[in-house]
Amino acid sequence: MTQLSEQPPANARRWWQQTMRLALLTLAALAVFAFAVHAFVGALDTLVFFGFPLGYYMAAQGSVIAFVVLVFWFVAWQERIDRKAGVAEPSPRDPEGSL
Amino acid sequence: MNPPGAPDPFLDNLGRIYGTFIGGLLAIVGTLAILEQLGLPDQIIGYVFVFVTLAIYAGIGIAARTMRVSQYYVAGRQVPAVYNGMATAADWMSGASFVGMAGTLYVLGYDGLAYVIGWTGGFVLVAVLIAPFLRKFGAFTVPDFLGARFGGNLARMIGILVLFACSFTYVVAQIYATGLIASRFLGFAFETAVYVGLGGILLCSMLGGMRAVTWTQVAQYLVLILAYLLPVAILSAQEFGFPLAQATYGGVLQRIAELEQQMLASGLADPATLVPHLQPFTTLDPLNFFALIGCLMIGTASLPHILMRYFTAASVRDARRSVAWTLLFVAILYVTAPAYAAFAKLEVYQNVIGAGLDALPQWIYTYGKLGLVDICGQSAASADAVREACSAQPGNTGVLRLPDLAIDRDVIVIAMPEIAGLPYVIAGLVAAGGLAASLSTADGLLLAIANALSHDVYYRMVDTRAPASRRLFIARLLLLGAAILAAYVASLRPSDILSMVAWAFSLAAAGLFPALVLGIWWRRCTAAGAICGMIAGFGITFYYLAMTQFGGMEEWYGVKNVSAGLFGVPLGFAVAILVSLVTPAPSRHVQALVLEIRKPSGEPVLRDGAS
């Protein structure tokens, strides 16, 4: 543990703020699809989507698909933030850093 | 230490190895299907599936044996993200998910979807809040992190306690499920079957630790997902001419709703007991529905045997990507489970309810004999038994009514091929899938328990100078001990333990989540704060669970005890924050450590862990 910096420089602080903002945004989206959408199940069920009542569909598939998209989006965005701030790791197996 | 670029004949050929594996599996299914037409007995098909897959897992386990500490604990930290995602998905999806999820949705209808939402959404929390940081920290186990971040062995001990509380009952349930499947398809006595399953588990994990478990779990994922998707795809193709059941079962849901109305009109169903499949909040009120989603999500993000899988990734970036792949692979099963439930329900409503008591399909008796299907309150072991039981019922007219039929949740998936009249090969494949799901989870859990004992208790607390060979010997000895103890408990068929499995999520959530999240995201969180938070959160959750289950205590605000984390998690956070604020800030050294684990680049903080 030789290279531990005790006070973050301005650059690092900006990177951490971006990371925090992304985390909050992702968690907010998670809350929408895990909780908020299903509070309106009654209203959504009056709509039909591919033969499914929409409220049921959102709980059985829609939210899950949203989580998958959300987590891949989060990973890509966080990697961009890390790369721009110069804190990403070099990786011998995957130098491009693409998904 | 192995540099990430070092040549490894296994790692460099992963695609070819697992491609061959899938091809071989399909070839076995095809060959057996042909042999079945030629008259091969069912029993032999069951044996071939169970023993061929077990032999493959054991082969991988033996091929991946290791004498290196970092290979044993974290697979050398060089598992690529996609494979780590598959292994974690297998680790995560237990026998209960594979066998019981669809059955739960069959019984609960819409309300059961809380499990689908909670168990998938949790991985977003893992990716955002926890996994990359623990990977950067470089620990071997979750208690290892707690010990380093919160200054010493008290935090480590509490972490180990929570880990035991949520892992041991869970592993007993896995071995129990293994025994159930083996006894159904091999015809062994349940007590013998439990030890057969145990042998499979130990062959995978004893010699190679995390390295072997990782690569068998990848194979187990492939078996279980194929076994889960195939039967329902065939059904969908029969019904709608299109095998993607996940897209077609909307039509099935409509027919179920129509049949429910018809059954109510004709008196076959009773409005007081019929659970409408699509109507929300019939068995769980909204408070319990949303509380359950929350507890399952946070619990997922705190289970030590899942978090420890991300320690095997090659980098922080790979750890984060592994979580995304895990969620994708897990989601494939969870979006299929509601389709399973719908197809099974349609089949039962169409062909079983309203049938004459002497014209019931054969599968009713097959599972009735095992005590898994009850008709008129008695096991439906034979046509005579059914007639006798129902003649005692008032108002019986010789026709099966909905309230007369009680199907155990675990039957839906296992019996689906028989319910739908598919060839026995499919049933054998499903058995192999259920076995894969139980074995992979049991492997991960036993490894988590044994690693906590050997690394955290023995190496960190008892003998910090133990040489690598002795550490590995102790680790294997403890693994064996934990496995035998779990198998012994499972062989006693402890119904109490099985009902406690769902508790693991609330216990892990309340005991670990606040300490992990605050430890990473809040530099000011002190050791005293985290320790008090863990004790308070875990304590109140345990108290609520035990008192409502065994102590006859009233539920608080009507919250069911599977959602006990609803009280424990907020309390854990509140206590940790308050106590942290009144105790002196952590040392500059600890604060610097927190800054360091947030940053992906640079060496792992805990160098010692990677030796």
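Order-wise, the sequence lines are chains A and B. Numbering-wise (our numbering), the first sequence opens with residue 267 and increments by one. Numbering-wise (our numbering), the second sequence opens with residue 2 and increments by one. Here a beta-carbon is modelled for each residue, glycine too, at the ideal position from N, C-alpha and C. It should be emphasised that the depicted structure is a prediction, and the values quoted were computed from it without experimental measurement.
| Where does the unbroken alpha helix (DSSP H) through D145 (chain B) begin, and where does it stop? | Taken as a continuous stretch (DSSP letters only), the alpha helix (DSSP H) holding D145 (chain B) covers 143–150.
| task | Closer than 8 Å by beta-carbon distance: list the chain B residues that pair up with F333 (chain A), in chain order. | result | Under the 8 Å cutoff, chain B gives T121, G122, F124, V125, L328, A332.
| message | Can you list, in chain order, the residues of its chain with a C-beta nearer than 8 Å to that of E556 (chain B)? Leave out the 5 residues immediately preceding and following it. | response | Excluding the 5 residues flanking it on each side, E556 (chain B) has same chain C-beta neighbours closer than 8 Å at T549, N562, in chain order.
| query | Is the Cβ-Cβ distance between G396 (chain B) and L269 (chain B) less than 8 Å? | reply | No, Cβ-Cβ distance for G396 (chain B) and L269 (chain B) is not below 8 Å.
| task | Name the residue from B:V353, B:A220, B:Q592 whose alpha carbon lies nearest to the alpha carbon of T21 (chain B). | result | The residue with the shortest Cα to Cα distance from T21 (chain B) is B:A220.
| How would you write the range of the beta strand (DSSP E) that L406 (chain B) sits in, first residue to last? | 406–408 is the span of the beta strand (DSSP E), which, as asked, contains L406 (chain B).
| Closer than 8 Å at the beta carbon, the chain B residues around A302 (chain A) | Under the 8 Å cutoff, chain B gives no residues; its nearest Cβ is about 10 Å from A302 (chain A).
| query | What is the DSSP secondary structure of I376 (chain B), reduced to helix, strand or coil? | reply | Looking at I376 (chain B) - three-state DSSP - the assignment turns out to be strand.
| message | Assuming V163 (chain B) and L447 (chain B) are in contact, meaning their beta carbons sit under 8 Å apart, how far apart are those beta carbons, in whole angstroms? | response | Rounded, the Cβ-Cβ distance is 17 Å, inconsistent with contact.
| Between A273 (chain B) and A266 (chain B), what straight-line distance do the alpha-carbon atoms span, to the nearest angstrom? | One Cα belongs to A273 (chain B), the other to A266 (chain B), and the distance between them is close to 13 Å.
| For E272 (chain A), which of helix, strand or coil comes out of DSSP? | Bear in mind that a pLDDT of 45 at E272 (chain A), under 50, signals an unreliable position, so the number given afterwards is only what the model happens to contain. DSSP, reduced to helix, strand and coil, places E272 (chain A) outside both helices and strands of the structure shown, so it counts as coil.
| Candidates B:S98, B:T121, B:V75, B:I46, of which the one nearest A325 (chain A) by Cα | Relative to the Cα of A325 (chain A), the nearest Cα in the group B:S98, B:T121, B:V75, B:I46 belongs to B:T121.
| Comparing the C-beta of T312 (chain A) with each C-beta of chain B, is any distance below 8 Å? | Answer no: the Cβ-Cβ gap between T312 (chain A) and chain B never drops below 8 Å.
| request: Would you tell me roughly how many angstroms separate the C-alpha atoms of L15 (chain B) and Y350 (chain B), rounded to the nearest one? | output: Roughly 46 Å between the two C-alpha positions.
| Counterpart residues of V80 (chain B) in DSSP-defined beta bridges | Under DSSP, V80 (chain B) takes part in a beta bridge, and its partners are B:A314.
| request: Please report how far the alpha carbon of N3 (chain B) lies from the alpha carbon of A65 (chain B), in whole angstroms. | output: With a pLDDT of only 42 at N3 (chain B), under the threshold of 50, the placement of this residue in the model should not be trusted, and no figure is reported.
| query | From the beta carbon of V298 (chain A), is the nearest beta carbon of chain B less than 8 Å away? | reply | Judged by the 8 Å Cβ criterion, V298 (chain A) is not in contact with chain B.
| Which bits of chain B does L293 (chain A) rub up against, with CB to CB less than 7 Å? | Those are V129, listed as they occur along chain B.
| Spatial distance of G209 (chain B) from G62 (chain B) (CA atoms) | Their backbone Cα atoms lie some 6 Å apart in a straight line.
| request: Report the three-state DSSP secondary structure of P319 (chain A) (helix, strand or coil). | output: The answer is strand: DSSP assigns P319 (chain A) an E or B state.
| query | Does the count of Cβ pairs from the segment 451–461 of chain B and the segment 424–441 of chain B closer than 8 Å reach three? | reply | Short answer: they don't touch.
| message | Please report whether the beta-carbon of L320 (chain A) lies at a distance below 8 Å from any beta-carbon of chain B. | response | Interface flag for L320 (chain A) against chain B is unset, since no Cβ pair is found closer than 8 Å.
| query | Using a Cβ-Cβ cut-off of 7 Å (strictly less than) and excluding sequence neighbours within five positions of P252 (chain B), which residues of its own chain qualify? | reply | Note on residue identity: the sequence assigns Gly, not Pro, to residue 252 (chain B). So the list reads F241, once near-sequence residues are dropped.
| said: Using 8 Å as the cut-off, can you tell me whether the segment 358–366 of chain B makes contact with the segment 379–389 of chain B, which would need three or more C-beta pairs spanning the two stretches below that distance? | reply: Taking 8 Å as the limit for Cβ pairs, the verdict is that the segment 379–389 of chain B does touch the segment 358–366 of chain B.
| said: Output needed in chain order: residues of the segment 334–346 of chain A with a Cβ under 7 Å from some Cβ in chain B. | reply: From the segment 334–346 of chain A, only V334, L336, V337, F338, F340, V341, Q344, E345 have a Cβ closer than 7 Å to chain B.
| request: Establish whether the CB of L486 (chain B) and some CB of chain A are separated by less than 8 Å. | output: Cβ-Cβ to chain A under 8 Å: no for L486 (chain B).
| task | Please determine, among B:I475, B:P571, B:A443, B:L582, the residue with the shortest C-alpha to C-alpha distance to W523 (chain B). | result | By alpha-carbon distance to W523 (chain B), the top candidate from B:I475, B:P571, B:A443, B:L582 is B:L582.
| query | According to DSSP, what are the bridge partners of G357 (chain B)? | reply | DSSP, once it has assigned bridges, lists B:V400 as partnering G357 (chain B).
| query | Which residues, taken in chain order from the segment 307–321 of chain B, show a beta carbon closer than 9 Å to some beta carbon of chain A? | reply | Listed by position, the residues of the segment 307–321 of chain B near chain A (Cβ gap below 9 Å) are A315, S316, V317, R318, D319, R321.
| query | How many Å lie between V353 (chain B) and V412 (chain B) at the Cα? | reply | Rounded to the nearest angstrom, the gap between the Cα atoms of V353 (chain B) and V412 (chain B) is 15 Å.
| Spatial distance of S364 (chain A) from I408 (chain B) (CA atoms) | Residue confidence is low: S364 (chain A) scores 42 on pLDDT, short of 50, so the model does not pin down where it sits. No coordinate-derived value is stated.
| task | With a 10 Å radius around its C-beta and 16 neighbouring C-beta atoms as the bar for buried, classify A611 (chain B) as buried or exposed. | result | A caution first: A611 (chain B) carries a pLDDT of 40, below 50, which makes its placement in the model unreliable, though a value can still be read off. With 16 or more Cβ atoms within 10 Å of its Cβ, A611 (chain B) is classed as buried.
| So, is S470 (chain B) buried or exposed, given that buried needs 16 or more other C-beta atoms within 10 angstroms? | Exposed: under 16 other Cβ atoms inside 10 Å.
| field | Burial state of M535 (chain B), where buried means 16 or more other Cβ atoms lie within 10 Å | value | Buried: at least 16 other Cβ atoms inside 10 Å.
| query | For L279 (chain B) versus Y58 (chain B), is the C-beta distance shorter than 8 Å? | reply | No, the Cβ-Cβ distance between L279 (chain B) and Y58 (chain B) is not below 8 Å.
| request: Report the rounded CA-to-CA distance for L204 (chain B) versus V53 (chain B), giving the unit in angstroms. | output: Here the C-alpha atom of L204 (chain B) lies approximately 14 Å from the C-alpha atom of V53 (chain B).
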